[in-house]
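Residue numbers (the working numbering): 5 to 392.
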């Protein structure tokens, strides 16, 4: 087993297997303190799907351990409790699956879809692929507007479109496509999403980065909401698009992703303290988010992946140097060498802001995904095996 595979299995996933699986009710807890003690029993519905994906992607790519399959079955069996009568999923539920909060976003459904897709690839069970397609169709219906949802802002007074929904829909369709079921359907969605990311007006190279929100026609909106840039999101979008270029042979997507990686590294890397910051204002005004200069776990993951993929595609040593720089930074500041897993939140100077290992938004997903991709590079020299 490769170094990264071993770290993923023996450090990251073992932390969650040992501490977070709910053997009574099904599902997984994510509110874990530094040592893995459960400090809250509300369950994140995002992480039911995300955890299912992480365990089963590891099962499919790295090692077919029975404990991954057993954990996955407990999580899969919990998903119906997280699903409302209208097929929309909740955002948070009680430990036994009763609704706490339901949001307009459809990300719970996208994560359930990818989790079910990987479980199907492992088992071939028809009920599982039916679930995957059901969750995808619900999410895509909200994305396209076929299923109505309350808009975040009144479109009559603040008409924005956001980057994040298209990014997540692209990555979700990529996973569903990899099952081989209804390939043309998901391939078509991937093409539409890539076209929107590239040509939708989000990437303002003259301003130095990709924006979270633009006008309906892709125009720059000179407000705090319109100026906000999230370097981690941009780097995540970059490798999503580059991987689509690898799969489809779309050279425009590859070149776009490379340029975007360059811009976001320049925009997000803290030259004084290291690490990728959380937010910035593209025009240099004070950022809207008060945590703008904090270093969170997931942007570091996305930055490292983007640079690894860019290096594979270009052979340019600056990307391998960036990847090495990021890994050194992660291992120095984020990896908890005493208790395992990673810290999630650092101050701007890399001191630990909060020792928790999980909450509603942090659990086994971004970090396992990083190590799965690193393991693919370590064993195969390419991201292609991960993409299957």
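All residues carry an ideal CB built from backbone N, CA and C; glycine is no exception.
None of the values given here were measured: they were computed from a predicted structure.
Which of helix, strand or coil does DSSP assign to residue 141? In the structure shown, residue 141 sits in a helix (DSSP, three-state: H, G or I).
Spatial distance of residue 1 from residue 246 (CA atoms): As shown, the chain starts at 5 and ends at 392. That puts residue 1 outside it, with no answer to give.
Please report the residue range of the alpha helix (DSSP H) in which residue 375 lies. Looking at the DSSP string, the run of the alpha helix (DSSP H) that includes residue 375 is 370 to 384.
Report all residues from its chain with a CB closer than 6 Å to the CB of residue 364; omit the five preceding and five following residues, and keep chain order. Around residue 364: 48.
For the alpha helix (DSSP H) that contains residue 256, what are its first and last residues? Residues 255 to 272.
For the alpha helix (DSSP H) containing residue 192, name the first residue and the last one. Where residue 192 is concerned, the enclosing alpha helix (DSSP H) stretches over 187 to 203.
Using the Cα positions of residue 15 and residue 124, report the straight-line distance between them to the nearest angstrom. If you take the alpha carbons of residue 15 and residue 124, they lie about 26 Å apart.
Among 12, 267, 341, which one has its Cα closest to the Cα of residue 210? Looking only at 12, 267, 341, the smallest Cα-Cα distance to residue 210 is reached by 267.
Shortest alpha-carbon distance to residue 288 belongs to which of 34, 212, 37? Answer by Cα proximity: 212.
Endpoints, the alpha helix (DSSP H) within which residue 64 is located: Segment 50 to 65, the alpha helix (DSSP H) holding residue 64.
I'd like the list of long-range same chain contacts for residue 183, defined as Cβ closer than 8 Å, with 5 residues on each side in sequence excluded. Excluding five sequence positions before and after residue 183, the CB atoms of its chain that fall closer than 8 Å to its own CB belong to 121, 124, 125, 133, 136, given in chain order.
Provide the residue span of the alpha helix (DSSP H) that contains residue 121, from first to last. Per DSSP, residue 121 is one residue of the alpha helix (DSSP H) stretching across 111 to 127.
So, for residue 61: in the same chain, excluding its five sequence neighbours on each side, which residues have a beta-carbon less than 8 Å away from its beta-carbon? Only 122, 372, 373, 376 meet the Cβ criterion.
Return helix, strand or coil for residue 352, following the three-state DSSP convention. Looking at residue 352 - three-state DSSP - the assignment turns out to be coil, as it is neither helix nor strand.
Thinking residue 273 and residue 262 are a contact (beta carbons under 8 Å), I'd like their distance in whole angstroms, please. About 16 Å; that fails the 8 Å criterion.
6 Å CB neighbourhood of residue 91 in its chain, flanking five on each side removed: Cβ contact annotation for residue 91 (same chain, cutoff 6 Å, sequence separation greater than five): 142, in chain order.
What is the DSSP secondary structure of residue 220, reduced to helix, strand or coil? Residue 220 carries a coil assignment under DSSP once its states are collapsed to helix, strand and coil.
In three-state terms, what does DSSP make of residue 177? Residue 177 carries a helical assignment under DSSP once its states are collapsed to helix, strand and coil.
Mind checking whether the beta-carbon of residue 131 lies closer than 7 Å to any heavy atom of the ligand FMN? Ligands displayed in this structure: none; no statement on the ligand FMN is therefore possible.
CB contact flag (residue 163, residue 201, <8 Å): No, these two residues do not count as a Cβ contact at 8 Å.
I'd like to confirm the pairing. Which residues does DSSP put opposite residue 207 in its beta bridges? For residue 207, which the question treats as bridged, DSSP gives the partners 214.
Thinking C-alpha only, which one of 218, 286, 308, 42 is nearest residue 159? It is 218 whose Cα lies nearest to the Cα of residue 159.
DSSP three-state label for residue 387, please. In this structure, residue 387 counts as coil in the three-state DSSP scheme.
Looking only at C-alpha atoms, which of 45, 370, 384, 53 sits nearest to residue 237? Closest option to residue 237, Cα to Cα, is 370.
Provide the residue(s) that pair with residue 233 in DSSP beta bridges, ordered along the chain. Looking at the DSSP assignment, residue 233 forms a beta bridge with 284.
Between the beta-carbon of residue 45 and the beta-carbon of residue 99, is there less than 8 Å? In this structure, residue 99 lies closer than 8 Å to residue 45 by Cβ.
Just to confirm my understanding: we take residue 110, look at its own chain, exclude 5 residues before and 5 after, and list those with CB closer than 6 Å. What are they? The residues are 143, 146.
Beta-carbon proximity list for residue 71, same chain, < 7 Å, skipping 5 on both sides: Hits under 7 Å: 21.
Would you kindly check if the distance between the Cβ of residue 216 and the Cβ of residue 233 is under 8 Å? Yes; because the gap between Cβ atoms is below 8 Å, this pair is in contact.
Compute the Euclidean distance between the alpha carbons of residue 89 and residue 39, then round it to the nearest angstrom. If you take the alpha carbons of residue 89 and residue 39, they lie about 37 Å apart.
Considering only the beta carbon of each residue, do residue 112 and residue 50 sit closer than 8 Å? Yes. Within cutoff.
Identify whether residue 8 lies in helix, strand or coil by the three-state DSSP scheme. DSSP places residue 8 in helix when its eight states are reduced to three.
Below 7 Å CB to CB, which residues in the same chain sit around residue 207 once its five sequence neighbours on both sides are set aside? When the five nearest sequence neighbours on each side are left out, the beta carbons in the same chain lying within less than 7 Å of the beta carbon of residue 207 are those of 214, 264, in order along the chain.
Sort out for me which residues DSSP pairs residue 105 with in a bridge. Bridge partners of residue 105: 96.
Exposure of residue 104, with buried meaning 16 or more beta-carbon neighbours within 10 Å: So residue 104 ends up on the exposed side.
Looking at C-alpha atoms only, which residue of 293, 278, 276 is the closest neighbour of residue 284? Among 293, 278, 276, the Cα nearest to that of residue 284 is on 293.
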